[in-house]
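Sequence lines, in order, name chains A and B.
Residue 106 is where the first sequence starts when you use this note's numbering, and the numbers rise one by one after that.
Residue 1363 is where the second sequence starts when you use this note's numbering, and the numbers rise one by one after that.
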Amino acid sequence: MSKRKVRSETLYFALRNNKLRVGLSVILFFLVLTFVGPLLTHYAPYDYVNPLGAQPPSAKYWFGTTMFGQDVFTQFVHGLKATFLVGVVGGGLGTLIGILIGFTAGYRGGVVDEVLNMITNIVLVIPTLAILLIIAAYLKVRGILTESIFIGCTAWPWAARAIRAQTFSLRSREFVDLARLSGMSPWRIIFTEIAPNMMSYLLLVFILQFGGAILNAATLDFIGLGPTNAVSLGLMMNNAVLWGALLLGIWWWFVPPGLAIMAIVGALYVTNVGLDEVFNPKLREM
Amino acid sequence: MRRYLGRKLLIYVLTFFLAVTIDWLIPRFMPGDPVQTMLSRASLHAEAVEVMHGYYTRAFGLDVPVWRQYLNFWVAIFHGDLGTSVYLFPQPVIKIIMRAVPYDVFLLLPAILLSWFAGNWFGAFAARNKWLDNTLLPLGYILTATPYMWLGILLAWLFGVVLGIFPIAGAYSFSMRPHLSWAFIGSVVKHWFLPFASIFLVKFGGWAIGMRNMIIYELEADYSHYLEALGAPRGLIRKYAFRNAILPQITGLSLDLGVIVAGALVTEVVFSYPGIGYLILQAIQNQDYFLIQGCFLFIIIGVLLANFAIDIAYVIVDPRTRLGMVGESA
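Below is the structure:
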């Protein structure tokens, strides 16, 4: 089968996979909202726009206003941007470190593998959040980018482990032996012979890292260790709980941010399974 | 088996060593001087501050060389001495933590175990069942993607504020003192239920999805097709698939402990549930580094113990580890 035909077949199944269609639509919807949203509102996230304080959603304030009269919709769309940024940077970094360590350990084997595997297992056991808490408490000024980098730096272990296992099974294949015999350098073999064969797998790892980074960021933001100079969905929930939105019944303050996180991460997971079905014919629904 | 458990044990010992070292570094690398923080709270005279500073530096053992401090820290840990809290001075950190630990065990153990069993059972049941797959599994995806605190907030708002069925703060009624009576136990259970439910539901979704996907992998494996070709009953094939699929789920449980700890932390914050998660937040807000240190150490110990328990369970469930056939992947 030619490469082109494989690609068109993948596309054929991708377009007919319901999970993929639903997942991607939801993500696309929020992505569009992230870019279009800020154009629809003329306030800044922390502007005090409504002198009456907390008011339920109305034609003027689509998602209502917070206790201080800030526009929830404005905070929401700006928070979405932070969410996607954390996902891309944190998830991307986590995947990248996982790829580097996983490939090295899986391809080299021997002592290198032993050492890297040991490090991976150790970092895997230490609860990520405990480390993130300490780092976050240490930094007085935190931006979303800093937060993403730290999240990425602590999220890689399971990715490294999974990629290592895959590399392990690929490295003894004939085409890899052939490449080695032809005198290719190890990294060239990894990137031209091994990586292309697990591209779909790496994509799935990235999607899961993306979702994990978003949830991690929400957790950090919620306990008040999120960005100090920006707005995020987790921070909105933090503020809502901190100022008694629960008891006052200001539901429009805490429902949208959590709902968005849930929808985005859920859509990522569904996309992940959908892609898995597309790439792996065995899993397709009969 | 000895090789398998020995390897694991080595990793845990190394992890513990590294974690304790990081732990020791916490108050030393944090911005600001913890002693200064405590003294600034007391608003004393300048000379008094100087005297007190010297006194507390000695009291916290900060006047000896760094390597000595590090050794002392190890010695102290094995004596169960985690120093004195700054925020709740002069209570020893270990005492504060010991007060919180029972709540964590009470909250987490049932939530983790029940969600794991229920999720796996349900996931196995739903796999390749068109109706369940299409109706209830989306729910699983939604649950597992839900941030813990948001589900907590929603439950607290719905059942606590709107319906007024459950209390939304504390571990027992504020008007009670801990004692042994049905009224008190009832109050404890009532306060426990919502935090438990939020952790349970999120995890339940995750396990159900994981199991469903695993079972489908197994049902498509060669041995399943072979059994099918032999004419084995569907139930038998599923049983074999389940036995194989449960193994990654056990590994998954140990990989997931860190995430559950994080989830428990925010859940405790939402419900002001007095476990270690709630404590660590207060410690951070009050810059009580000794308390942070203690909480971190306890979380590590808890996670390591749980991991080891899971490893032992794995050995019991998977005969291959007992025969030394699985060493590499473990």
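Beta carbons: idealized from backbone N, C-alpha and C, even for Gly.
Quantities reported herein were computed from a predicted structural model and do not represent experimental measurements.
Fill in: DSSP-derived helix/strand/coil call for B:P1389
Stepping through the second sequence from its first residue, residue 1389 of chain B is reached at position 27. The three-state secondary structure of B:P1389, taken from DSSP, is helix.
Discussion item. Please state the DSSP three-state secondary structure of B:Q1649.
Written reply: Counting from one through the second sequence, the residue named residue 1649 of chain B turns up at place 287. Residue state, collapsed to three classes: coil.
Discussion item. Taking 8 Å as the limit between beta carbons, can you name the residues of its chain near B:A1675, skipping five residues before and five after?
Written reply: On the second sequence, residue 1675 of chain B is found 313 positions in, with the first residue counted as 1. I1612.
Discussion item. So, does the stretch 172-188 of chain A touch the stretch 135-142 of chain A, judging by three or more C-beta pairs under 8 Å?
Written reply: Counting C-beta pairs closer than 8 Å gives three or more between the stretch 172-188 of chain A and the stretch 135-142 of chain A, which meets the contact rule.
Worksheet item: How long is the line joining the alpha carbons of B:K1370 and B:I1662, rounded to whole angstroms?
Response: As a working note, residue 1370 of chain B is residue 8 in the second sequence. As a working note, residue 1662 of chain B is residue 300 in the second sequence. A direct Cα-Cα distance of roughly 15 Å separates B:K1370 from B:I1662.
Worksheet item: Using CA coordinates, which residue listed in A:Q160, A:L229, A:P150 and A:V193 is at the minimum distance from A:A318?
Response: Translated into positions along the first sequence, residue 318 of chain A becomes position 213. For A:A318, the nearest C-alpha among the options comes from A:V193.
Practice prompt. Report the rounded CA-to-CA distance for A:L116 versus A:A372, giving the unit in angstroms.
Written response: Within the first sequence, numbered from 1, the residue matching residue 116 of chain A stands at position 11. Within the first sequence, numbered from 1, the residue matching residue 372 of chain A stands at position 267. The straight-line gap from Cα to Cα measures roughly 19 Å.
Item to complete: Please state whether DSSP places A:Q160 in a helix, a strand or coil.
Response: In the first sequence, counting from the first residue as 1, residue 160 of chain A sits at position 55. A:Q160: strand per DSSP, three-state reduction.
Fill in: Backbone CA spacing between B:F1378 and B:D1584 [nearest angstrom]
One-based indexing of the second sequence puts residue 1378 of chain B at position 16. One-based indexing of the second sequence puts residue 1584 of chain B at position 222. Straight-line Cα distance between these residues: approximately 41 Å.
Worksheet entry | Coil, strand or helix - B:S1691 by DSSP | Within the second sequence, residue 1691 of chain B is the residue found at index 329, counting from 1. Residue placement at B:S1691 is flagged as unreliable, the pLDDT there being 45, under the threshold of 50; a coordinate-derived value is accordingly withheld.
Practice prompt. Taking A:M354 as the query, report the chain B residues whose CB atoms sit under 8 Å from its CB, ordered along the chain.
Written response: Along the first sequence, read from residue 1 onward, the residue named residue 354 of chain A stands at position 249. A quick correction: the sequence has Gly, not Met, at residue 354 of chain A. The CB of A:G354 comes closer than 8 Å to the CB of W1519, V1523 and V1524 in chain B, given here in chain order.
Worksheet item: Run through DSSP, which three-state label would B:P1540 get?
Response: The residue you call residue 1540 of chain B lines up with position 178 of the second sequence. Coil, per DSSP.
Item to complete: Can you give me the start and stop residues for the alpha helix (DSSP H) that B:W1478 sits inside?
Response: On the second sequence, residue 1478 of chain B is found 116 positions in, with the first residue counted as 1. For B:W1478, the uninterrupted alpha helix (DSSP H) segment begins and ends at V1455 to A1488.
Worksheet entry | B:M1363 versus B:I1373 - alpha carbon distance | Along the second sequence, read from residue 1 onward, the residue named residue 1363 of chain B stands at position 1. Along the second sequence, read from residue 1 onward, the residue named residue 1373 of chain B stands at position 11. If you take the alpha carbons of B:M1363 and B:I1373, they lie about 16 Å apart.
Discussion item. So, at 8 Å on beta carbons, what are the nonlocal neighbours of A:F359 in its own chain, with the 5 sequence-adjacent residues on each side left out?
Written reply: On the first sequence, position 254 is the one that residue 359 of chain A refers to. So the qualifying residues of the chain are M341, M342, A345, V346, A350 and L351.
Discussion item. List, in chain order, every chain B residue whose beta-carbon is nearer than 8 Å to that of A:T233.
Written reply: For the purposes of this step, residue 233 of chain A is taken as the residue at position 128 of the first sequence. Going along chain B in sequence order, the residues near A:T233 (Cβ under 8 Å) are G1620, V1621 and A1624.
Worksheet item: Quick one: what's got a C-beta closer than 7 Å to B:S1634's C-beta in the same chain, skipping five residues either side?
Response: For the purposes of this step, residue 1634 of chain B is taken as residue 272 along the second sequence, with counting starting at 1. The beta carbon of B:S1634 is closer than 7 Å to those of A1531, G1532 and Y1640 in its chain, skipping five residues each way along the sequence.
Worksheet entry | Residue-level contact to chain A via CB, B:P1509, 7 Å cutoff | By one-based count along the second sequence, residue 1509 of chain B stands at place 147. Chain A, which has a Cβ nearer than 7 Å to the Cβ of B:P1509, makes this yes.
Worksheet entry | From B:L1617, B:T1683, B:F1660 and B:Y1418, residue whose alpha carbon lies closest to that of A:W261 | Here residue 261 of chain A corresponds to residue number 156 of the first sequence, with the count starting at 1. The shortest Cα separation from A:W261 among B:L1617, B:T1683, B:F1660 and B:Y1418 belongs to B:L1617.
Discussion item. For a contact defined as C-beta to C-beta under 7 Å, what are the partners of A:V346 on chain B?
Written reply: Here residue 346 of chain A is taken as the residue at index 241 of the first sequence, counted from 1. The answer, in chain order, is I1515 and V1632.
Worksheet item: Going by C-alpha distance, which of B:D1443, B:P1427, B:V1375 and B:G1416 is nearest B:G1656?
Response: For the purposes of this step, residue 1656 of chain B is taken as the residue at position 294 of the second sequence. Nearest C-alpha to B:G1656: B:D1443.
Discussion item. According to DSSP, is A:D152 part of a helix, a strand, or is it coil?
Written reply: The count along the first sequence starts at 1 and reaches residue 152 of chain A at position 47. Three-state result, A:D152: coil.
Worksheet item: At a Cβ threshold of 7 Å, is B:A1591 touching chain A?
Response: As a first step, residue 1591 of chain B is located in the second sequence; it is residue number 229 there, counting from the start. B:A1591 has a beta carbon lying at 7 Å or more from every beta carbon in chain A.
Item to complete: Go through the stretch 180-236 of chain A residue by residue and report every complete run of the alpha helix (DSSP H) that reaches 4 residues or more, in order.
Response: Here the runs fully enclosed are 215-230.
Fill in: Beta-carbon proximity check, B:F1658 vs A:A235, cutoff 7 Å
Position 296 of the second sequence, counted from the start, is the residue given in the question as residue 1658 of chain B. Position 130 of the first sequence, counted from the start, is the residue given in the question as residue 235 of chain A. Contact annotation: B:F1658 and A:A235 have beta-carbon atoms nearer than 7 Å.
Item to complete: Assuming A:M172 and A:W357 form a contact by the criterion Cβ under 8 Å, report the distance between their Cβ atoms to the nearest whole angstrom.
Response: Position 67 of the first sequence holds residue 172 of chain A. Position 252 of the first sequence holds residue 357 of chain A. Incorrect: roughly 11 Å between the Cβ atoms, too far for contact.
Worksheet item: Excluding five sequence neighbours on each side, which residues of the same chain lie with their C-beta closer than 6 Å to the C-beta of A:L198?
Response: As a first step, residue 198 of chain A is located in the first sequence; it is residue number 93 there, counting from the start. Cβ neighbours of A:L198 beyond the five flanking positions: G257.
Discussion item. So, for A:I328: in the same chain, excluding its five sequence neighbours on each side, which residues have a beta-carbon less than 8 Å away from its beta-carbon?
Written reply: Within the first sequence, the letter at position 223 stands for residue 328 of chain A. These residues qualify, in order along the chain: L238 and N343.
Worksheet item: Would the beta-carbon of A:T272 fall within 7 Å of that of A:G211?
Response: Translated into positions along the first sequence, residue 272 of chain A becomes position 167. Translated into positions along the first sequence, residue 211 of chain A becomes position 106. In contact: A:T272 and A:G211 (Cβ atoms closer than 7 Å).
Discussion item. Which residue wins for smallest C-alpha separation from B:Q1647, given the options B:V1411, B:N1434 and B:L1450?
Written reply: For the purposes of this step, residue 1647 of chain B is taken as the residue at position 285 of the second sequence. For the options B:V1411, B:N1434 and B:L1450, the alpha carbon positioned closest to that of B:Q1647 is the one of B:L1450.
Worksheet item: Residues bridged to A:D176 by DSSP?
Response: Position 71 of the first sequence holds residue 176 of chain A. Residue pairing by DSSP places A:D176 opposite A:T170 in a beta bridge.
Practice prompt. Check each candidate in B:R1684, B:L1685, B:A1668 and B:I1678 and name the one with the smallest Cα separation from B:L1475.
Written response: As a working mapping, residue 1475 of chain B is identified with position 113 in the second sequence. Nearest option by C-alpha distance: B:A1668.
Worksheet item: Using a C-beta to C-beta distance shorter than 8 Å, which residues of chain B count as neighbours of A:W263?
Response: Locating residue 263 of chain A in the first sequence gives position 158, where the first residue counts as 1. Chain B residues near A:W263: L1617.
Worksheet item: In the structure shown, what three-state DSSP assignment does A:T272 receive?
Response: Here residue 272 of chain A refers to the residue found at position 167 of the first sequence. DSSP places A:T272 in helix when its eight states are reduced to three.
Practice prompt. Taking a Cβ distance cut-off of 9 Å, strictly less, list which residues of the stretch 360-379 of chain A are near chain B, in chain order.
Written response: Cβ contacts with chain B: V360, P362, G363, L364, I366, M367, A368, I369, V370, G371, A372, L373, Y374, V375 and V378.
Practice prompt. Using 10 angstroms around the beta-carbon of B:D1650, count the other beta-carbons present and answer buried if the total reaches 16, otherwise exposed.
Written response: Start at 1 with the first residue of the second sequence, and residue 1650 of chain B comes out as number 288. Buried: at least 16 other Cβ atoms inside 10 Å.
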